[in-house]
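Student: Under my numbering, think of the first position of the sequence shown as 680, with each following residue one higher.
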Amino acid sequence: MIVQLNEIGVQEEEFDLAALNTRLREGASQYGAVVTFSGLVRDFSDQSLDALELEHYPGMTERSLEKILAEARQRWDLGNLILLHRVGRMTPGDEIVFVGVASAHRQAAFEACQFLMDYLKRDAPFWKKEVVAGKSHWVEQKESDISAADAWDSEQG
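What follows is the structure, encoded as structure tokens:
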């Protein structure tokens with residue numbers, strides 16, 4: 680029996696990308712594809728972004744991430760999965776999210792990685808606050824993030 684990794688996490692610490700890639704490949708001789716995505720804090724404000732502060736609801740957020748992984752497994756034949764998100768204070772260029780997917784075939788790995796990211800952006804309860812010029816404001820969810828995940832829903836139905 681093949682044991683598949685289902686790793687989710689919310690953390691303040693930076694990611695160890697080498698260790699994450701090693702975990703994705705554990706017991707993965709049957710996988711032909713490993714796809715990863717690292718999202719970075721970017722400065723897209725009119726003024727220079729000092730920081731991005733993320734908050735979450737412990738327990739609820741992790742359950743949401745588990746549900747997203749389960750949905751991906753229902754759609755594709757997947758191997759190891761890792762979905763990690765950072766919280767706390769980060770500055771432009773810091774990694775904020777890591778998604779890793781192993782699968783027997785590249786198409787499933789690429790699609791599942793995009794799906795996981797799209798659903799995370801729409802469904803995971805994170806609250807973002809931008810700090811610009813020493814003043815902070817909450818960031819609203821983008822319509823494009825909602826539409827990207829909704830497209831997967833209409834594709835399914």
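All C-beta atoms in this analysis are idealised placements derived from N, C-alpha and C, irrespective of residue type, glycine included.
(1) May I ask you to list the residues that DSSP assigns as paired with L731?
(2) Can you tell me which of L748, E734 and V720 puts its alpha carbon nearest to the alpha carbon of Q683?
(3) I think G767 touches E691, with their Cβ atoms under 8 angstroms apart; what is that distance to the nearest whole Å?
(4) Check whether the segment 775 to 791 touches the segment 698 to 717, counting contact only when three or more Cβ pairs, one atom from each stretch, lie closer than 8 angstroms.
(5) Name the two residues that bound the continuous alpha helix (DSSP H) containing Q820.
(6) Just tell me which of V818, S727 and A828 has its CA closest to the CA of G772.
(7) Name the one or two DSSP bridge partners that V778 has.
(8) What three-state label does DSSP hand M680 in the structure shown?
(9) Can you look up Q690 in the DSSP assignment and give me helix, strand or coil?
(10) Pick out whichever of T770, E734 and G711 has its Cα sitting closest to the Cα of F805.
(11) What residues are listed by DSSP as bridge partners for N685?
(12) In whole angstroms, what separates the C-alpha of C792 from that of A751?
(13) Does the Cβ-Cβ distance between K800 and D832 come in under 7 angstroms?
(14) Counting along the chain, where does the alpha helix (DSSP H) carrying R752 start and finish?
(15) Can you give the beta carbon distance from A803 to T740, rounded, assuming they're within the 8 angstroms contact cut?
(16) Let me see if you follow: with CB-CB separation under 7 angstroms, is S727 close to chain B or not?
(17) I need the DSSP call for R721, collapsed to helix, strand or coil.
Tutor: Based on what the coordinates show:
(1) For the purposes of this step, residue 731 is taken as residue 52 along the sequence shown, with counting starting at 1. According to DSSP, which records beta bridges pairwise, L731 is partnered with M769 and E809.
(2) The count along the sequence shown starts at 1 and reaches residue 683 at position 4. Of the listed residues, the one whose Cα sits closest to Q683 is L748.
(3) By one-based count along the sequence shown, residue 767 stands at place 88. By one-based count along the sequence shown, residue 691 stands at place 12. Yes, G767 and E691 are in contact; Cβ-Cβ is about 4 angstroms, under 8 angstroms.
(4) yes
(5) Working through the sequence shown from its first residue, we reach residue 820 at position 141. No alpha helix (DSSP H) holds Q820; DSSP gives it neither H nor E.
(6) Position 93 of the sequence shown, counted from the start, is the residue given in the question as residue 772. Checked all of V818, S727 and A828; the closest Cα to G772 is S727.
(7) Indexing the sequence shown from 1 puts residue 778 at position 99. Answer is F716 and L762, bridged to V778.
(8) Indexing the sequence shown from 1 puts residue 680 at position 1. Here the model assigns M680 a pLDDT of 40, short of 50, so the residue's position is not dependable, and the following value carries that caveat. Assignment of M680 by DSSP, reduced to helix, strand and coil, places it in the coil class.
(9) Numbered from its first residue, the sequence shown carries residue 690 at position 11. Here Q690 sits in strand by DSSP.
(10) Reading the sequence shown from its first residue, position 126 is the one you call residue 805. Comparing Cα positions, the closest option is E734.
(11) Sequence index remark: in the sequence shown, residue 685 carries index 6 (1-based). Paired residues: L760.
(12) For this step, residue 792 is matched to residue 113 along the sequence shown. For this step, residue 751 is matched to residue 72 along the sequence shown. Rounded to the nearest angstrom, the two C-alpha atoms are 9 angstroms apart.
(13) In the sequence shown, counting from the first residue as 1, residue 800 sits at position 121. In the sequence shown, counting from the first residue as 1, residue 832 sits at position 153. No, the Cβ-Cβ distance between K800 and D832 is not below 7 angstroms.
(14) Reading the sequence shown from its first residue, position 73 is the one you call residue 752. Bounds of the alpha helix (DSSP H) holding R752 are M739 to R754.
(15) Indexing the sequence shown from 1 puts residue 803 at position 124. Indexing the sequence shown from 1 puts residue 740 at position 61. Going by Cβ atoms, the distance from A803 to T740 rounds to 6 angstroms, so yes, they are a contact pair.
(16) Considering every chain present, this structure includes no chain B. It has just one protein chain.
(17) For the purposes of this step, residue 721 is identified with residue 42 of the sequence shown, where counting begins at 1. Coil, per DSSP.
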